[in-house]
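A short write-up of the structure that comes next.
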Amino acid sequence: MDRETELREFVSARGAALSRAAFLLTGDHQAAEDLVQETYVVLVRRWQRSGTVDPEAYVRRILYSRFVDGWRRRRLVELPWASPPDSTDLDEAGATTERLTLRDALARLTPKQRAVLVLRFYEDLTETQTAAALGISPSTVKSQTRVALQRLRELAPDAVASFEGAES
Amino acid sequence: MSGLHEAFDEMVADVPAYGDLDRAIEQAGRERRRRHAMAGGLAAAAAVVAVIVGILAVTRGDEGSPEPIEPATPTPTRTQSARTWDDTPVRATSDVKGWDAPDPLDAVRESWFPIVAEHLAPTGRGLARSEGIFGASEFIVPNASGTFDISGRIAVIVDRDELNPFDDGCRYLRADQARRHAQDSAADDVSCSTERFTAPGGESARIASWGHPCVTDDPSCGTYLVGVAVERGDGRIGYLRVEGRGTPDANPFPRDAMAAAAADADLALPGSALAVPTDAALVSVVEEHFPRHRGEPSPSPVEHPGYAQMFGRLGPLGLSVQAWPAGPTPTCGRAWIVECVERRVFGGDDPTTVYVGSWDEEDWADCCPRNSRAFMRQLVHVGPRTTVVVTLTRIVPEGGAGIGAELDQRVIDLLLDTRLQ
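Top line first, the protein sequences correspond to chains A and Z. At the far end of the first sequence sits residue 168, using the numbering used here, and the numbering has no gaps. At the far end of the second sequence sits residue 1421, using the numbering used here, and the numbering has no gaps.
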């Protein structure tokens, strides 16, 4: 099998999964499309240079690192909320009464937090594998996961309550 | 948390397969040809100025190259020797990875924001300053109902001989888009139109509108860029670019308001900005010091005086150089630090200081190569007119060596080259 055929077969087999991961990361069809296309360009460059790359690990590394590191440069700025919106009404317990969907809540996490959640709970990677995909330490993965889940609980308690209970 | 996996599955149930491999292959081929052309001496065409200090991304993908780094080269502009260096350790006080060297023009560019906001504010949209990046002032229009905001960029352009938004319209926007995104800006589904008009103040102006639709059927899905350039009375080009989601019709700012903002004479830069070399001049000096250096395209737009940068490779190393007007002494960043020193490179009668540091980021990846680390050596000189920063990067395999001091003398020769001052 020639190298281009190998590349096409890999993309054919993995393209849909990459697209779904890109959509979870970006929450936006256009942004996901751009991210996947950028990933393909980088993958092709690497493929043309060397046949030794592990395509699965490499393409994941490209997709996630471009999202986390590169998205800021594109000036498509995430909503800069580091904590739940403070303009919403508070109920008697002091908790925000705003109820977001899971998708909206994801959009309000930092890129790295979103990436950690998608890798851990969609791609089902271990902390070590997630750390490798993002180029960060396992302890950072652990802390980012904890913070991201807490933010989801704050931002979308109804959505989170619907699936929580089987937390590992 | 298996329930989260199922919730994610529901969210992506209707997501189509994105991306076009044929386009990616074509684009990679074009980029390869362009890099070869640049290595052959056409790098000067890259020109003008850009944004974003790229560090490790520049080096990814070529790690472990067996190429030799560089033979000895001439052109030290001043005698200096490792034998006369006098190093003093510097405490790390900044949170960054690398030297934190302030750009005095940041404050000037920040002052542009309220000027532009005043011209655009009548649209009723709330502008907010976004995180500053090198070479321009930027703002956002927060989008309460979606993930992405509208973003804007304000620039003043001097070099009319280079590709610029006033003379080149769509060609400039396409190049801008292609640089910032690894995207094929010449693809069939991309549209761009341009039109000349007279700004409210009577200046000659040009608007260019670029759009790229989604693969989905949603007509509102896509990315647009709208750039308005005005030929101002001082001969410079004032430029305002807006980027957002949807088609160019979704741009909330009227053409005339954008033109009035771009024409405002208060969007100005001090003379120190013009003393900074152009990208082309910087590349030329770097190539003289490192003849085997191979240039790579800048990942950001090129349009501004007061900031210059170049990216490239030196054998297995990534090499980037940035320059901006001289400012305060840099501070050492503590993230992944190995060491920072203040180095006197001339004798006691003629002290000249270069700041030298190394950073070693562990746990970079478990592949490509296995258990790799990201090593960086950065040297900074704050000269009489310009701050110059040289960054060497290398992805180091498990057990591999980082970047030693072997190139320090030649990098210091480059930093002290009077053509950069």
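A virtual CB, placed ideally from N, CA and C, is assigned to each residue, including glycine. Here the structure is a predicted model, which is why all the values come from computation and not from measurement.
Query: Would you call V1338 (chain Z) buried or exposed, if buried means 16 or more other Cβ atoms sit within 10 Å of its Cβ?; Result: exposed
Query: Can you confirm whether the stretch 1324-1333 of chain Z touches the stretch 1267-1277 of chain Z when touching is taken to mean that 3 or more C-beta pairs between the two stretches lie within less than 8 angstroms?; Result: yes
Query: Have a look at A31 (chain A) and C1221 (chain Z) and give me their C-alpha separation to the nearest angstrom.; Result: 10 angstroms
Query: Mind checking G1233 (chain Z): buried by the 16 CB within 10 Å criterion, or exposed?; Result: exposed
Query: Going by beta carbon distance, what residues of the same chain come within less than 6 angstroms of G1227 (chain Z), once the five residues before and after it are set aside?; Result: P1165, L1173, A1208 and R1241
Query: Name the chain Z residues whose beta carbon is nearer than 8 angstroms to that of Y64 (chain A)?; Result: Correct list: empty, because the minimum Cβ distance to chain Z is about 11 angstroms.
Query: Would you mind working out which of Z:P1200, Z:A1335, Z:D1009 and Z:P1016 sits nearest L102 (chain A), comparing C-alpha positions?; Result: Z:D1009
Query: Counting only Cβ-Cβ distances shorter than 8 angstroms, please list the residues of the stretch 23-34 of chain A near chain Z, keeping chain order.; Result: F23, L24, T26, G27, D28, H29, Q30, A31, A32, E33 and D34
Query: Shortest alpha-carbon distance to G1271 (chain Z) belongs to which of Z:D1086, Z:V1108, Z:T1198 and Z:G1152?; Result: Z:V1108
Query: Leaving aside the five residues before and after E33 (chain A) along the sequence, list all residues of the same chain whose C-beta is less than 7 angstroms from its C-beta, in chain order.; Result: none
Query: When you compare only the Cα positions, how much space is there between T1247 (chain Z) and V1190 (chain Z)?; Result: 11 angstroms
Query: Is I1115 (chain Z) helix, strand or coil when you go by DSSP?; Result: helix
Query: Sort out for me which residues DSSP pairs A1374 (chain Z) with in a bridge.; Result: Z:E1361 and Z:I1395
Query: With 9 angstroms as the limit, tell me which residues of the stretch 1234-1245 of chain Z have their beta carbon closer than that to any beta carbon of chain A; keep them in chain order.; Result: E1243, G1244 and R1245
Query: How would you label G1318 (chain Z), buried or exposed, when you count the other beta carbons within 10 angstroms and need 16 or more for buried?; Result: buried
Query: Could you check whether the stretch 1113-1120 of chain Z touches the stretch 1092-1103 of chain Z, counting it as contact only if at least three pairs of C-beta atoms, one from each stretch, sit closer than 8 angstroms?; Result: no
Query: Taking just the CA atoms, how far does A1092 (chain Z) sit from V1015 (chain Z)?; Result: 47 angstroms
Query: Report the option in A:T26, A:S12 and A:A17 whose CA atom is closest to the CA atom of A1013 (chain Z).; Result: A:A17
Query: Based on Cα-Cα distance, which residue from Z:Q1027, Z:I1025 and Z:F1253 lies nearest to I1150 (chain Z)?; Result: Z:F1253
Query: Can you list, in chain order, the stretches of the alpha helix (DSSP H) that have 4 or more residues and sit fully within the stretch 87-158 of chain A?; Result: 102-107, 111-121, 127-134 and 138-155
Query: Please return the same chain residues whose Cβ sits closer than 6 angstroms to the Cβ of R1313 (chain Z), not counting the five positions on each side in sequence.; Result: R1294
Query: Am I right that V36 (chain A) and S19 (chain A) are in contact with their C-beta atoms under 8 angstroms? What's the rounded C-beta distance?; Result: 6 angstroms
Query: I want to see whether chain Z comes within less than 8 angstroms of S87 (chain A), judged by CB atoms only; does it?; Result: Bear in mind that the predicted position of S87 (chain A) carries a pLDDT of just 31, short of 50, making it unreliable; the figure below should be weighed with that in mind. Closer than 8 angstroms: no.
Query: Helix, strand or coil for V1411 (chain Z), going by three-state DSSP, please let me know.; Result: helix
Query: Where DSSP assigns a beta bridge to H1212 (chain Z), which residues make up the other side?; Result: Z:T1223
Query: Spell out whether any CB of chain A is found under 8 angstroms from the CB atom of D1020 (chain Z).; Result: yes
Query: Just the Cα atoms here: how many angstroms apart are E1203 (chain Z) and G1169 (chain Z)?; Result: 16 angstroms
Query: Which stretch, first to last residue, makes up the beta strand (DSSP E) that contains F1166 (chain Z)?; Result: Taken as a continuous stretch (DSSP letters only), F1166 (chain Z) belongs to no beta strand (DSSP E), being part of the alpha helix (DSSP H) at P1165 to D1168.
Query: Drop a sphere of 10 angstroms on the beta-carbon of D1022 (chain Z), count the other beta-carbons inside from all chains shown, and report buried for 16 or more, exposed for fewer.; Result: exposed
Query: List, in chain order, every chain A residue whose beta-carbon is nearer than 9 angstroms to that of V1012 (chain Z).; Result: S19, R20, A21, F23, L24 and Y122
Query: Report the partner residues of H1381 (chain Z) according to the DSSP bridge assignment.; Result: Z:V1388
Query: With a cut-off of 8 angstroms on the beta carbons, I'd call T39 (chain A) and L63 (chain A) a contact; round off their distance for me.; Result: 5 angstroms
Query: To the nearest angstrom, how far is the alpha carbon of H1119 (chain Z) from that of R1153 (chain Z)?; Result: 14 angstroms
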